[in-house]
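Residue numbers (the UniProt record's numbering): 1 to 583.
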């Protein structure tokens with residue numbers, strides 16, 4: 001077809017690629033005397049070409065293939081693009097095998113910069129994968145194929161996965177939720193994972209797309225074996241929750257540390273907790289030293305002074321309330337210590353902002369184990385406190401990473417979800433906690449748990465073998481800090497047993513089920529998307545208020561509606577009730 005002219009101007013020279021989104025040719029622009037790439041969509045889908053042209057026309061970045069024009073020739077619409085002598089990253093992996101971590105990181109820095117430029121303009125790519133990355137011989141990497149990209153504010157209706165490629169799709173997209181910038185970051189991590197490991201993060205393509213999608217919804221990742229220094233960065237990019245992933249700007253910085261290159265990302269504005277703040281490339285940073293806060297231009301973390309190793313000690317005796325002081329918030333409202341609410345690993349402050357009794361912020365500190373490997377383990381004798389992205393504007397989070405591998409989380413939220421400067425309160429509590437740990441190890445509880453308290457029990461042992469029977473396969477219990485909460489997960493089904501302390505009288509919502517001398521209340525939990533069974537246990541007085549300990553049971557399925565899991569939740573409640581201490 002070397003003599004075929006498109007739109008009277010572009011001479012087709014060589015077919016250089018084809019895929020689900022179209023056929024690409026190397027061509028000569030006879031008017032300007034330059035080599036270009038021409039793309040025609042499959043089956044004459046001119047709508048896809050028009051969409052890609054509009055997206056490309058609004059984006060100019062050295063790591064995104066430039067779109068020059070869109071032309072019509074007969075019944076076909078063609079996209080005129082920059083020509084880059086290159087191979088796709090997919091072809092590079094196929095021919096060269098897994099790539100060295102440093103080379104992958106250099107590619108990743110460029111792709112993250114491209115995503116940052118897209119996200120700054122409110123665009124999302126939605127199909128980042130090795131086949132959509134071009135790599136030149138000099139190492140230049142460019143993102144291509146914007147055919148299913150969209151403006152972030154566009155709202156889709158209906159469910160199901162209609163974008164992305166199964167081997168590189170984010171878990172939320174596999175579940176049918178709308179793709180956002182965080183999904184692009186996950187796909188970036190999945191693409192780099194494939195480059196360094198030689199396989200998709202959801203398993204080899206030979207297993208088929210449906211298996212890959214099931215693994216994505218179950219968050220069943222392939223292990224990292226070859227990534228070396230790139231592994232901590234990939235762990236961050238591939239976090240399950242969108243709010244836990246770094247943005248594209250921060251991803252570029254993390255990758256640059258491995259690649260040892262500068263980051264080609266511009267300063268921009270982000271909106272954080274409804275307040276706009278100007279930041280240089282990443283979120284503003286606070287430094288904690290001796291309990292004082294001050295701003296600094298470093299990555300989004302809060303660094304603190306030395307603290308002894310193994311500062312938590314025995315989880316069952318560690319006192320979370322030793323890290324909480326209501327007076328740290330007295331300049332922001334009227335604080336009251338809450339020592340008796342939540343699970344046994346928690347302590348908090350209820351901060352009344354105005355005389356209105358409903359205008360209250362709940363700031364909660366929890367001792368916990370890390371949900372995934374730390375980005376950077378603190379050196380011996382030091383700790384780190386991080387600003388942590390939240391999946392909602394109605395909550396602010398801070399995480400303190402300890403040298404012994406444990407973590408301290410601080411969450412703040414308004415009890416009525418009213419507007420409030422939530423991060424001011426979380427920062428104040430985190431600052432005080434860091435100052436306490438700077439002065440020595442975490443104190444022990446002032447007294448052991450009373451006889452009969454759920455605090456003396458192990459949630460992982462309460463259900464016997466029934467949790468494994470419910471999930472339909474072998475699974476090792478996954479305990480949370482202190483074993484006061486435990487998870488079991490296998491394929492489509494998950495079980496949670498956890499303890500809670502709440503205000504008395506017990507709110508007996510749900511259907512009452514008699515369990516011998518005890519009772520449980522069973523209902524569908526919209527928050528957990530599960531069937532919940534709750535067993536009231538022991539009444540007690542905490543902070544001058546009547547409280548009650550309860551056992552909470554959740555059974556959830558990815559393929560069945562929550563109400564169908566209620567018989568299993570009720571059966572598990574019946575197994576647990578006789579194992580509880582006598583009333």
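We treat Cβ as the ideally placed atom computed from N, Cα and C, and that holds for glycine.
DSSP, read as helix, strand or coil, puts residue 31 in coil.
About 6 Å separates the Cβ atoms of residue 197 and residue 225, confirming a contact at the 8 Å cut-off. By the Cβ-count criterion, residue 125 is buried, with 16 or more other Cβ atoms from all chains shown falling within 10 Å of its own Cβ. The alpha-carbon separation between residue 318 and residue 115 amounts to approximately 43 Å. In this model, residue 41 and residue 78 are separated by some 8 Å (Cα to Cα). Following the DSSP letters along the chain, one finds residue 487 inside the beta strand (DSSP E) bounded by residues 485-490.
Approximately 21 Å separates the beta-carbon atoms of residue 345 and residue 329; this is outside 8 Å, ruling out the contact.
By the 16-neighbour rule on beta-carbons within 10 angstroms, residue 210 is exposed. Rounded to whole angstroms, residue 435 and residue 425 show a C-alpha spacing of 16 Å. A distance below 7 Å separates the beta carbons of residue 142 and residue 84. Sequence-distant Cβ neighbours of residue 11 in its own chain, meaning closer than 8 Å and more than five residues away, are 2, 3, 4, 5, 27, 28 and 30.
Secondary structure of residue 481 (DSSP, three-state): helix. With 16 or more other Cβ atoms from the protein chains shown falling within 10 Å of its own Cβ, residue 401 counts as buried. When C-beta atoms of the region 487-506 are compared with those of the region 353-361, fewer than three pairs fall below 8 Å, so the two segments do not count as touching. Contact between residue 128 and residue 166 does not hold, since their C-beta atoms are separated by about 13 Å, which reaches or exceeds 8 Å.
The three-state secondary structure of residue 249, taken from DSSP, is helix. When only Cα atoms are considered, residue 75 and residue 60 end up about 29 Å apart. Classified as exposed, residue 33 has fewer than 16 neighbouring CB atoms from the shown chains inside 10 Å of its CB. Taking residue 238 as reference, the option from 186, 248 and 247 with the minimal CA-CA separation is 186. Under DSSP, residue 107 shares a beta bridge with no residue. Excluding its 5 nearest sequence neighbours in each direction, residue 467 has C-beta neighbours in its own chain below 6 Å: 488 and 495, listed in chain order.
Secondary structure of residue 537 (DSSP, three-state): strand. In the DSSP annotation of this structure, the continuous segment of the alpha helix (DSSP H) that includes residue 171 starts and ends at 171-174. In the DSSP assignment, residue 497 falls outside any alpha helix (DSSP H) and within the unbroken beta strand (DSSP E) covering 493-503. The beta carbon of residue 130 is closer than 7 Å to those of 88, 89, 90, 93, 191, 194 and 195 in its chain, skipping five residues each way along the sequence. Assignment of residue 167 by DSSP, reduced to helix, strand and coil, places it in the helix class. Comparing alpha-carbon positions, the option among 408, 63 and 333 lying closest to residue 136 turns out to be 63. In the structure shown, the three-state DSSP call for residue 358 is coil. The beta carbon of residue 334 sits closer than 6 Å to those of 352, all from its chain and outside the five residues before and after it, given in chain order. For residue 575, same chain residues with a beta-carbon under 7 Å away, outside a window of 5 residues either side, are 463, 464 and 466 in chain order. Annotated three-state conformation of residue 94 is helix, per DSSP. Residue 569 is a Cβ neighbour of residue 531, given a cutoff of 7 Å. The straight-line gap separating the alpha-carbon atoms of residue 14 and residue 145 is approximately 19 Å. Judged by DSSP in its simplified three-state form, residue 239 adopts coil rather than helix or strand. Contact between residue 134 and residue 86 holds: their C-beta atoms lie close to 4 Å from each other, under 8 Å.
By the 16-neighbour rule on beta-carbons within 10 angstroms, residue 557 is buried.
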